[in-house]
Structure formats: C-alpha cells, structure tokens
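Residue numbers (this note's numbering): 439 to 698. Ideal placement from N, C-alpha and C gives every residue a C-beta, glycine not left out. In this text, all values refer to a predicted model and were calculated from it rather than measured experimentally. Here is the structure we will look at.
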Amino acid sequence: MNVNTVRDAGVVVTGAGGGIGAALARRFAAEGARVVVNDLDAAKAAAVAAEIGAEAVPGDASEILPAAREALGGVIDVYCANAGVAATGGPEADEDQWAASWDVNVMAHVRASRELLPAWLERGSGRFVATVSAAGLLTMVGSAPYSVSKHAAYAFAEWLSLTYRHRGIAVHAICPQGVRTDMLRGTGAAGDLLLAPTAIEPERVADALFEGMATGRFLILPHPEVADYYTARAADPDRWLDGMNHLQRKLEQAPDPERA
Numbered sequence: 439m440n441v442n443t444v445r446d447a448g449v450v451v452t453g454a455g456g457g458i459g460a461a462l463a464r465r466f467a468a469e470g471a472r473v474v475v476n477d478l479d480a481a482k483a484a485a486v487a488a489e490i491g492a493e494a495v496p497g498d499a500s501e502i503l504p505a506a507r508e509a510l511g512g513v514i515d516v517y518c519a520n521a522g523v524a525a526t527g528g529p530e531a532d533e534d535q536w537a538a539s540w541d542v543n544v545m546a547h548v549r550a551s552r553e554l555l556p557a558w559l560e561r562g563s564g565r566f567v568a569t570v571s572a573a574g575l576l577t578m579v580g581s582a583p584y585s586v587s588k589h590a591a592y593a594f595a596e597w598l599s600l601t602y603r604h605r606g607i608a609v610h611a612i613c614p615q616g617v618r619t620d621m622l623r624g625t626g627a628a629g630d631l632l633l634a635p636t637a638i639e640p641e642r643v644a645d646a647l648f649e650g651m652a653t654g655r656f657l658i659l660p661h662p663e664v665a666d667y668y669t670a671r672a673a674d675p676d677r678w679l680d681g682m683n684h685l686q687r688k689l690e691q692a693p694d695p696e697r698a
C-alpha cells in the first residue's frame, strides 16, 4: 500500500489532544486525509484540529463515533484507537483504576469495532489502528492495571486481524516503549528507570505506523528491539521473568522523590 491512499480518507484519532494521538492526526492530515481529532479535553482537541485543518469532536472515545462519522460526511475509513490511561500499582490499586483501565484501554476498542465493522465489511475495506504499548507484548513494572489491559488490547487487535483480514479489514497494533508524552512523565520512577533512557518523540511513532501500513504489517514496533525482547520472553519465560524481577528490585531500591 502507498501512503498516498489515505488522501481524502476519513480518519478518526482518539486521544489526539497531545502526544501520540496528536502526532498521528498531524501525519494523516499532512498525507491528505480528512481528520477528526478527538480528546476528552475539548480545548486540546480544538487546538490540534485548528492547527491541521481538521474537525474537533471532543468527548468520551466510546461515544463520539456518530458525531465523528457525521463530521466526515458519513464514512470513516481509518479509526485510530489511541486514547489510553496508565494507572500504577498492583492488586491494591482501587476498583475505579482497574475499571477505567479496562474501559478505556480495551472496551473502547471493542465498542468502536462493533460500530465500525458492519459498514466496513459491507464495502470490503477499513483500517483499525490500536495504540497498544510494548507493555501489551511484555509488561510494565509497577503497573498491573496498565499491563493487564494492554495485553488485552493487543489480544483484541490480533483477533480482529485474524478474523477479518480476508474481508478487506486492515488492523495494526502499535507497541512502542517510552514516548515523550505527558503519560510518560506521569509514570514516575518506573518510567524514569525503564522507559525514559530510550524514549522517542511521538512523530517517530507516526512514522513507524506509516511504514507498517505501506508494507501491510500488523505489529508496529517503533522500538525495533522490542521484537528481541518478545522473542526472548517466549523462548525462556523464567529467564525473562528473572530479568524483569531484577528491574523490579532496582525500582524498589530507587530513591522516592517525594521523600527527598
């Protein structure tokens, strides 16, 4: 596929008020697509939309598809399920954090596909882009809700791809490690230890997606080394878990900035 095929396509990007979502929206617009910018923060959505000549449709990503479709003249060709939350903690994280992680990181994707698939299957084309995270392939030290929900988001994208690829539906799962966004800055010591040293700019994620679309790849790895980690995890789970536990112990020994 040539990236020029997105010209005039109707594209929705959720969580596009900043970070990866804004980078995706900018890249699609630069390639000639008609873009809807969604974000819970109406002001941020409006700012990005004004910058790139797009339409802003603020609100909960699970509820904006009818308005987004109307803004695009009735047809959505590409849906980027990018909105996400990153709760920290383990089993002790409260029920609201677990519920929000599941709702935003997984069920928003399910609800979008439920609404998009009938029209896509009828016409034999459509593209679903899920911003997952390397945590969906590996894990994230210090964040069980994020790790578990991102594993599920990856599994759902995988299921969509294997189920509908012969019917013209393209699915991509973007799985970066650290990206220089507000979300990374909110991960605290775990992010500083594991993600910040190799963090990339959001534009690199958009570049990786367009490269993957051009070659028809499902798995998009803006950090190519994640493929090696994923292979090592599958080949020797105990050795991989030992390595991750080593990182967990380093995290436990790290100074607490709130006590400094």
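Burial state of residue i (16 or more Cβ within 10 Å)
{"i": "Leu679", "result": "exposed"}
{"i": "His604", "result": "exposed"}
{"i": "Glu493", "result": "buried"}
{"i": "Arg687", "result": "exposed"}
{"i": "Leu554", "result": "buried"}
{"i": "Ala461", "result": "buried"}
{"i": "Asn440", "result": "Unreliable positioning characterises Asn440 in this predicted model, as indicated by a pLDDT of 45, which lies under 50. The coordinate reading is nonetheless provided below. It is exposed - the Cβ of Asn440 has fewer than 16 other Cβ atoms within 10 Å."}
{"i": "Trp597", "result": "exposed"}
{"i": "His684", "result": "exposed"}
{"i": "Glu696", "result": "For Glu696, the pLDDT reaches just 46, beneath the cut-off of 50, and the residue's location in the model is therefore unreliable, leaving the point undetermined."}
{"i": "Asp515", "result": "buried"}
{"i": "Thr569", "result": "buried"}
{"i": "Asp477", "result": "buried"}
{"i": "Pro583", "result": "buried"}
{"i": "Ala698", "result": "Only weak support is given to the placement of Ala698: the predicted model assigns it a pLDDT of 38, under 50, and the value that follows is read from those uncertain coordinates. Under this definition Ala698 is an exposed residue."}
{"i": "Gln691", "result": "exposed"}
{"i": "Gly528", "result": "exposed"}
Alpha-carbon spacing of residue i relative to residue j, whole angstroms
{"i": "Cys613", "j": "Val475", "result": "21 Å"}
{"i": "Ala646", "j": "Ala546", "result": "23 Å"}
{"i": "Thr669", "j": "Met682", "result": "15 Å"}
{"i": "Glu663", "j": "Gly459", "result": "23 Å"}
{"i": "Val643", "j": "Ser599", "result": "20 Å"}
{"i": "Val586", "j": "Gly574", "result": "8 Å"}
{"i": "Pro496", "j": "Asp532", "result": "27 Å"}
{"i": "Ala672", "j": "Tyr602", "result": "26 Å"}
{"i": "His661", "j": "Tyr517", "result": "23 Å"}
{"i": "Phe594", "j": "Leu689", "result": "30 Å"}
{"i": "Trp536", "j": "Ala471", "result": "35 Å"}
{"i": "Val513", "j": "Asp674", "result": "46 Å"}
{"i": "Tyr592", "j": "Gly448", "result": "24 Å"}
{"i": "Pro556", "j": "Ala550", "result": "11 Å"}
{"i": "Arg552", "j": "Ala637", "result": "34 Å"}
{"i": "Val451", "j": "Ala463", "result": "6 Å"}
Rounded Cβ spacing between residue i and residue j (contact assumed at less than 8 Å)
{"i": "Phe648", "j": "His610", "result": "About 10 Å; that fails the 8 Å criterion."}
{"i": "Ala519", "j": "Val473", "result": "The Cβ separation is near 15 Å, so there is no contact."}
{"i": "Glu469", "j": "Arg507", "result": "So it is not a contact: roughly 21 Å between Cβ atoms."}
{"i": "Ala590", "j": "Val544", "result": "5 Å"}
Are three or more beta carbon pairs between the region 572-583 and the region 517-526 nearer than 8 Å?
yes
Could I get the ranges of all uninterrupted beta strand (DSSP E) runs contained in the region 441-526, with 3 residues as the minimum, in chain order?
448-451, 472-475, 516-519
Counting pairs of Cβ atoms below 8 Å between the region 475-486 and the region 443-462, do you hit three or more?
yes
I'd like to know if the region 498-508 and the region 560-570 are in contact, where contact means that at least 3 CB-CB pairs between them fall below 8 Å.
no
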